[in-house]
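Right, one structure below, let's go through it.
Protein chains: 6
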Amino acid sequence: MPLFRAAIIGGGSIADKNHIPALQQLPDLVDIVAVCSRDLTKARALADKHNIPHAFADAAAMYRQCSPNVVVICTPNSLHHPYTMQALAQGCHVLCEKPPALTATEARDMASLARQNGLTLAYNLQLRQTREWELLMRCKDEGRLGEIYHIKAHFLRRRGIPGWGYFTNKAMQGGGALMDLGVHVLDLALCALDYAAPAQVLGNTYDFIGKAGGRGLMGAWDPKAFEVEDACTAYLSFSNKASIMLSTSFALNTQADKDRNLEIYGSRGGVKLFPFTLHTEVAGELADIHFPYLEQDDIQLKNTIAFLDACQGKPSNVCTAEQGAVLMDVIERTYQSA
Amino acid sequence: MPLFRAAIIGGGSIADKNHIPALQQLPDLVDIVAVCSRDLTKARALADKHNIPHAFADAAAMYRQCSPNVVVICTPNSLHHPYTMQALAQGCHVLCEKPPALTATEARDMASLARQNGLTLAYNLQLRQTREWELLMRCKDEGRLGEIYHIKAHFLRRRGIPGWGYFTNKAMQGGGALMDLGVHVLDLALCALDYAAPAQVLGNTYDFIGKAGGRGLMGAWDPKAFEVEDACTAYLSFSNKASIMLSTSFALNTQADKDRNLEIYGSRGGVKLFPFTLHTEVAGELADIHFPYLEQDDIQLKNTIAFLDACQGKPSNVCTAEQGAVLMDVIERTYQSA
Amino acid sequence: MPLFRAAIIGGGSIADKNHIPALQQLPDLVDIVAVCSRDLTKARALADKHNIPHAFADAAAMYRQCSPNVVVICTPNSLHHPYTMQALAQGCHVLCEKPPALTATEARDMASLARQNGLTLAYNLQLRQTREWELLMRCKDEGRLGEIYHIKAHFLRRRGIPGWGYFTNKAMQGGGALMDLGVHVLDLALCALDYAAPAQVLGNTYDFIGKAGGRGLMGAWDPKAFEVEDACTAYLSFSNKASIMLSTSFALNTQADKDRNLEIYGSRGGVKLFPFTLHTEVAGELADIHFPYLEQDDIQLKNTIAFLDACQGKPSNVCTAEQGAVLMDVIERTYQSA
Amino acid sequence: MPLFRAAIIGGGSIADKNHIPALQQLPDLVDIVAVCSRDLTKARALADKHNIPHAFADAAAMYRQCSPNVVVICTPNSLHHPYTMQALAQGCHVLCEKPPALTATEARDMASLARQNGLTLAYNLQLRQTREWELLMRCKDEGRLGEIYHIKAHFLRRRGIPGWGYFTNKAMQGGGALMDLGVHVLDLALCALDYAAPAQVLGNTYDFIGKAGGRGLMGAWDPKAFEVEDACTAYLSFSNKASIMLSTSFALNTQADKDRNLEIYGSRGGVKLFPFTLHTEVAGELADIHFPYLEQDDIQLKNTIAFLDACQGKPSNVCTAEQGAVLMDVIERTYQSA
Amino acid sequence: MPLFRAAIIGGGSIADKNHIPALQQLPDLVDIVAVCSRDLTKARALADKHNIPHAFADAAAMYRQCSPNVVVICTPNSLHHPYTMQALAQGCHVLCEKPPALTATEARDMASLARQNGLTLAYNLQLRQTREWELLMRCKDEGRLGEIYHIKAHFLRRRGIPGWGYFTNKAMQGGGALMDLGVHVLDLALCALDYAAPAQVLGNTYDFIGKAGGRGLMGAWDPKAFEVEDACTAYLSFSNKASIMLSTSFALNTQADKDRNLEIYGSRGGVKLFPFTLHTEVAGELADIHFPYLEQDDIQLKNTIAFLDACQGKPSNVCTAEQGAVLMDVIERTYQSA
Amino acid sequence: MPLFRAAIIGGGSIADKNHIPALQQLPDLVDIVAVCSRDLTKARALADKHNIPHAFADAAAMYRQCSPNVVVICTPNSLHHPYTMQALAQGCHVLCEKPPALTATEARDMASLARQNGLTLAYNLQLRQTREWELLMRCKDEGRLGEIYHIKAHFLRRRGIPGWGYFTNKAMQGGGALMDLGVHVLDLALCALDYAAPAQVLGNTYDFIGKAGGRGLMGAWDPKAFEVEDACTAYLSFSNKASIMLSTSFALNTQADKDRNLEIYGSRGGVKLFPFTLHTEVAGELADIHFPYLEQDDIQLKNTIAFLDACQGKPSNVCTAEQGAVLMDVIERTYQSA
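First to last, the sequence lines map onto chains A, B, C, D, E and F. Residue 338, in the UniProt record's numbering, is where the first sequence stops; the numbers in between run on with no holes. Residue 338, in the UniProt record's numbering, is where the second sequence stops; the numbers in between run on with no holes. Residue 338, in the UniProt record's numbering, is where the third sequence stops; the numbers in between run on with no holes. Residue 338, in the UniProt record's numbering, is where the fourth sequence stops; the numbers in between run on with no holes. Residue 338, in the UniProt record's numbering, is where the fifth sequence stops; the numbers in between run on with no holes. Residue 338, in the UniProt record's numbering, is where the sixth sequence stops; the numbers in between run on with no holes.
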């Protein structure tokens, strides 16, 4: 019998395409016992599609009847906090979708309760599972980068305001490009600096294109209902003088449709993450090291495994509750600075 | 008889390769009457090479004997202020090499005296004369960019710490990569925002590689005598929420030997400066506009002409004394923030 | 209940792969009620495959039993005229495959009867539905091209004589490369000139390779049964001095396997259609405008919709009966000139 | 003592840069004895520069004093006929710049007189001397092309209206792009068809851009003084059904700055001239034959030698008087058709 | 009723993916009557999957019950000899997987018995069926290569030691890269020289990487169980002074993941096989002939047909028993030389 | 006064373009005192051109009058031995052009006499001075390659039979491509294996193209006077099982005009020399290390310095007399094997 009984909260595409398939590839470790969505029809359809025994609209009923010990939270951002608090109170480990919450306070509460209850709370920031990121951490640990002092992180779309879902709704999502896209590369950048909290944050947000409308590459959006930032830039300065430059956009008049990368500059070597390239000196000459045969993994599956490892007290590189609180703190300070 | 009588102060390569040849292409407008250098041998050699009648070690003697009405200042940075003040006091228009001075106070003094004496003081920031920059300004004026709200500006070298001159000497140069390279792209970025002064500046400077030594691509430098920053990053935030991200380096573990560019993002269009590309919408579709036949001009000659136009009260796009003061203010605040 | 009851005449691949699937994507608008082919076995197989209720060898019987109000004609070219005349006589709108007919006289007859009976007759020239052509027409309407005065249109294959079907049979097809391939780009070129009839036509046809045989890239053909042109070139001159250069081939000793494009030269801008590029002046400089994110549509579906729009009196860019008559006139004059 | 005594008529750049240097590389064969220009100052300057003994404004005087037996004519087009007739009357062989003359009648007169006087008259169409053209003719002679039935020839500039000289003056030049550029590729195309006279010619000329003005890539031109065609397209049809498509422009809204090429289609092989590629079948498969090591020759020198060979009755591939008459006939018929 | 009744011996992937599907595409010619594997479960599963009537663990029983007249041998290399001898003794034609056997003596025995019994024995070296090889042989036959005097043949993998099967087991496979990969290109090279036996062979084998371990690109292997060569290089010299350079590897510190090619140098032309390019002279100039439209065939199917053609006494390019004996002789001499 | 007095023996292009300019860049170290050539006119012209005081036809006279202590030998190969023996007998250090001599015996004699007389004899194999080779040796010394076990070395020309000089004269040069080109890469390959003598050598030489004639890329050669090999291939096997594959040609039906490279395979890393790339593992992944900023040095100057260093007993990487003897031994054994 598997160690874990998992419940899914949230009936959207991220549950359907990412979390349920990942969990179902681990039948020896975990059983999915229920799907829970405020819209019972959606919950039921999802449960049927994936052969999950139970569907609920009411989470409390789900906890009573199904006794899960693991919960995966796939709801709009505004529900991350309440559902996580409830799950932790029910004694469940929690894997929560990103961003951690709407505010730093929420994220700190969630981390406190997890710590207090001796439970694992983790966030689904799967880029940590790419081969590129694993290689970066290995290069860092082997001293190939020396001291890391500057990072450029960006996640840009040219006209990628989603034409579906709640992405432009401020109340439900808490923000736009930074909450949805920037959070991924910001998490990696903070990892590279050992998740220190920045001493200073200065940033700005924009909504020119979102509010003006135009040709979309991810469907058409309604400029009148556009309430979030379509772009955000920020500079983070750390007490050891390290710095991060962050840029993220749903919409920006730039060349590439989609562009996501990090550049990590250290005293002995610098890395461009995609495709992974290490700029350094070898045998006394300037050298560029390429890794032409890095594989593509199923990063959702790997992150799900990393979460379940953490639940079992095994080493894991999943984004922790404490890291999530720092991450939300940076996001919040960026919005405040703007 | 030409309108202007020019004196050159400083006997180094920038006088020899840039300013004297440019002035001598304008014989109907200007005569070079003297070269002045603290090292009289250098002054004399330079004068002989270019058929300039007089050479001096003492500037005061030069003013007495030659009565110039235009002075070009090509000295180490620490001498920009004293020589400019002297020249303005002598009633001369001044074209001063970049950066304007060592501090914002110096630059403001210089601007005050120029204004007070009704003279033209300008700085030799020649990238303004590239066809690309002229086209950018035309696109801006025609409304093709809409409102400009974010600019990325960088001037990076991988291992380009000069192995000659005073570039790593703090007292003479006042700083490193920002003073020597970053100043060019910062000037353009500020131009694009109508030279507003930023509300906030946050930045950092680094010297890991400069102090550690390594393989150089512009000669070999002495890591023990390395006193300036080898890299600098900064974020400028303006009261209208526009922002500039600035990166500059003499040495950085990055791919390209040399990389200099600006990206200028506006509400209606975005531009990458080199090669000039405009990202916008045309006929309802996302469009990239390329200009395959932009010419390469002699930008020093054009900047010298622009300076002389300003001296004559004609319209000119040369960097003014007031702009130079703002520029030094930003540089100084960046160093203070670091 | 759908507005239209459609019958398919002709049981070949174009019915199977293009027209039936397109119509079946529009279930609210149209029902396919019958398939009709001189070979009843083919008709029945096709009907079964697509769940179409009836199959006929005899069109008259089909009209009696099924009362369609729309007919799609997918037969060899020689049958376009008789089947279209019959369908119009039966009060049906007609979407006829290209080329319109064997002769200009046939095409004019067909247009007359359609007009007389108040019915829509249209030809299936789907390249009009590409995003590129829509963008071209929008650029034209916005004045970005100025006056269009010269067009190069080509549709070339290196060794693409089809090794199946009737493509080399003169009696059934009326011609070769011009009838099958050139007709597409000629239609677009004429559209760009508002479908004026040319004042003069001069052209030639060739059959060297078709009659000699050789290595084929679309199967092997029988050189002894090769009765049509393998290549055709022509020049069309219009009363306003505009001109079209047309080249088309089944077989030609050229580089590309397949090469289909139009270049449209106007006084203010010129366009290369695939990939769409606009050559013009922007901000006083020569500029090339690229559209990197044009999508690929299902052009058959769009043309079927355009035809049904026309049937309902809505605006439509489908090739009309009158345009088809001009098109056949140009083709006929080209053959006569050769 | 050299066989030939040459006089140069015309004092412009083509004499200075092309003809005089070529002749002076052949000192064993030819002596330049005089330069003649209506502007005596120009004639004298040119003679001095190249160490030519005599300079004249009056050709008759030149003939009397210098007794040349070879004349090279480098004047504006309108003077080709009178100077050639005079030279032939004086018993001189003539190498005349292209185009042959202003009209077909002039060119026929010139050919008649040459034939009558037993003298060589040739035109300076140097593309015949490229390695590519020599290889084309060799491939043709070896039967690698089979029967040639279609040729596309173009010589296009995007914005190459010369900002100097008489190029836009109708009276002096007789025409624009066709007379100056198209003539080169038309000559080659006719060569490939053994210089048969076409049965029919249909063409058009345009002047939209020339008259409207705009950004120039060969200096700035005056749109108000623009009297010639900026573009010309034509179709030539031959009695054996072969055809030529010709396009030429000083200005056209196309991609390339300059684009000059021929495609020559034969029954066994097709050639793209620059870079030379032969499309054919080898060992039963479709093959493209590239010639990566073709050399670049001094084509003016080779054409001068070819002319002098012809003067000596040796085999020569220079453009003959009779070919020049056919060439002018085609040009004239194109203009008449437009 | 089909001419041939085939039995498959060996139940691995090569039977499943290559031989059975190829035979089943030829139902008019051959029936598969049985699968035989020492592991009866595997045999049965394979038979079921492909609807083959019988499965056996015991080959003798299979011959008794099923009376095949064709046998395909897909076992580990060490069983090629015993199973082939048995099949030939049973009067069956044999298609045996490569390499022919473990030793030259085995291969000669097999050829002797086949000749003696009047049966066809052939080896499955399918690269002979590529369009490239067919074209090479045609070029050779047409004299386009002149006399072939040197061949470079290589089949290299960077880290392609298979992580499955018996590939690193010396007893079962007889060798490593040469037996598994090099054999393919060596067969082609020998073909090009009309399968002459070399006068001298000099070579070496290596196992540095195989025994050291490392990152694999075809799964992970066990360095402790690595018993074969990971790389082999050899030089073959023939009595007519022709030579072959052979290189093959499972693992080598080279650039490409996989690299397989032949260069064949002749007195009149040289060929690089993939992509096929012929370097020669055409019309007196150095020429490279490319064949951009060579198709990809199903080379297993073609080789199976070639084998069955040989069984029927038809012309065939399959690798014969005699050629297989020469091939094994070269392999054995290479190992002895190492 | 400089330490060395140098005499040049041989009046050809290698003296004029390589050795004299290199020596004259080292005026503090060496004076050129005489040029000696059997053709006194050539000697005198060369001396005059380079301001060398004396010219001789008779070497003995030169030694008497000029007392050099360094001799550079630039004669045809057949004179390397006699002139070197004479120079050593005169007490001079000798830098001799490659190849060392005509036979291994000659080279051993030369090495013996140098050793006996305590003089430096070195050969001018300048590829050792490339940055690439220096980096290779550094990588080898740092253990980045592990144990080197296979090397591919080639120096190929497609049609580079020199149309001048004695290159095709067997008596004067001793051989063709191997003596002139292959010797360079063979020297490097032997260096990489610490200049061990091979245990076995197997090779062949060819002259098909040289004797047949054809299109040349380095002038035209006379096929009737072609006495040497136009191509040579060989395999060298060493007692530690390392191996070298060598290919060299003046003429070969291959793609590139000129192609010169080494691939050096070791147990830990492999190198392609031009452009330098190291294939290895980094941080547990397969990695390719590029060195994009390697400089181009004046390799003749560096080799001349290395020779003079050796003369002074300093460390030097110049090719020694002993190495030259091994090199000639390999060349001789290759010719014998062919």
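Where is the CB? At the ideal position from N, CA and C, for every residue including glycine. Note that the coordinates shown come from a computational prediction; the quantities given were computed from them, not determined experimentally.
Label Ala199 of chain C either buried or exposed according to how many other C-beta atoms from any shown protein chain fall within 10 Å of its C-beta, with 16 as the threshold for buried.
-> Ala199 of chain C is exposed by the Cβ-count criterion.
Return the residues of the segment 120-133 of chain D that lie within a Cβ-Cβ distance of less than 7 Å from chain C, sorted by chain order.
-> In summary, no residue of the segment 120-133 of chain D has a CB separated from any CB of chain C by less than 7 Å.
What separation, rounded to the nearest whole angstrom, lies between the Cα atoms of Asn253 of chain A and Phe291 of chain B?
-> Between Asn253 of chain A and Phe291 of chain B, the C-alpha separation is close to 17 Å.
Given Asp183 of chain A, which residues of its chain have a CB within under 8 Å of its CB, disregarding the five upstream and five downstream residues?
-> This sequence places Val at residue 183 of chain A; Asp is not what is there. Around Val183 of chain A: Lys98, Pro99, Leu125, Leu327 and Ile331.
Residues sharing a beta bridge with Asn51 of chain F, DSSP | Here Asn51 of chain F is not bridged, per DSSP, to any residue.
If you run the structure through DSSP and keep just helix, strand and coil, what is Ser243 of chain E?
-> If DSSP states are grouped into helix, strand and coil, Ser243 of chain E belongs with the strands.
Three-state secondary structure (DSSP) of Leu178 of chain B = Leu178 of chain B: helix per DSSP, three-state reduction.
What whole-angstrom Cβ distance do Ser13 of chain F and Glu147 of chain F have, given they're in contact under 8 Å?
-> Not really, about 41 Å apart at Cβ, beyond 8 Å.
In the DSSP assignment, find the unbroken alpha helix (DSSP H) run with Val185 of chain E in it and report its ends.
-> Note, Val185 of chain E: alpha helix (DSSP H), Val183 to Ala192.
To the nearest angstrom, how far is it from the Cα of Ala114 of chain B to the Cα of His80 of chain B?
-> Between Ala114 of chain B and His80 of chain B, the C-alpha separation is close to 14 Å.
Comparing alpha-carbon positions, which option in E:Thr277, E:Ala192, E:Asp207 and E:Met218 lies nearest Phe238 of chain E?
-> Residue E:Ala192 is the option with its Cα nearest to Phe238 of chain E.
Using a C-beta to C-beta distance shorter than 9 Å, which residues of chain D count as neighbours of Arg268 of chain E?
-> Residues of chain D passing the Cβ test: none, with the nearest at roughly 13 Å.
Neighbour list for His279 of chain E in chain F, Cβ cutoff strictly below 9 Å = Here the neighbours are Arg158, Leu252, Asn253, Thr254 and Gln255.
Who are the Cβ neighbours of Arg108 of chain B in its own chain at under 7 Å, not counting the five residues just before and after it?
-> Cβ neighbours of Arg108 of chain B beyond the five flanking positions: Ala325.
Starting from His80 of chain A, trace the alpha helix (DSSP H) both ways and give me its first and last residue.
-> Element bounds for His80 of chain A: His80 to Ala89.
Reference Cys139 of chain D, options D:Gly269, D:Val71 and D:Ala287, closest by Cα = Nearest C-alpha to Cys139 of chain D: D:Gly269.
Cys311 of chain F by DSSP, collapsed to three states: which one?
-> Helix at Cys311 of chain F.
Give the DSSP-derived three-state secondary structure of Leu135 of chain A in the structure shown.
-> Here Leu135 of chain A carries a helix assignment [DSSP, helix/strand/coil].
Between the CA atoms of Ala231 of chain C and Glu227 of chain D - distance to the nearest angstrom | Answer to the nearest angstrom: the Cα atoms are 38 Å apart.
Best match in E:Arg38, E:Cys92 and E:Thr75 for proximity to Arg5 of chain E [C-alpha to C-alpha] | Across the set E:Arg38, E:Cys92 and E:Thr75, the C-alpha of E:Cys92 shows the shortest separation from the C-alpha of Arg5 of chain E.
Alpha helix (DSSP H) segment containing Thr334 of chain A, residue limits = Start and end: Ala321 to Ser337.
Nearest chain B C-beta to His150 of chain A closer than 8 Å, yes or no?
-> At a cut-off of 8 Å between beta carbons, His150 of chain A contacts chain B.
When you compare only the Cα positions, how much space is there between Lys272 of chain C and Lys211 of chain D?
-> Looking at the two C-alpha atoms, the distance is approximately 24 Å.
Kindly indicate the opening and closing residues of the beta strand (DSSP E) around residue 348 of chain E.
-> Given that chain E is displayed from residue 1 to residue 338, the structure contains no residue 348 of chain E and the question cannot be resolved.
In this structure, what does DSSP give as the bridge partners for Val30 of chain B?
-> Its beta-bridge partners are B:Phe4.
Measure the C-alpha to C-alpha separation of Gln300 of chain B and Ala306 of chain B and round it to an integer number of angstroms.
-> Those two C-alpha atoms are separated by around 10 Å.
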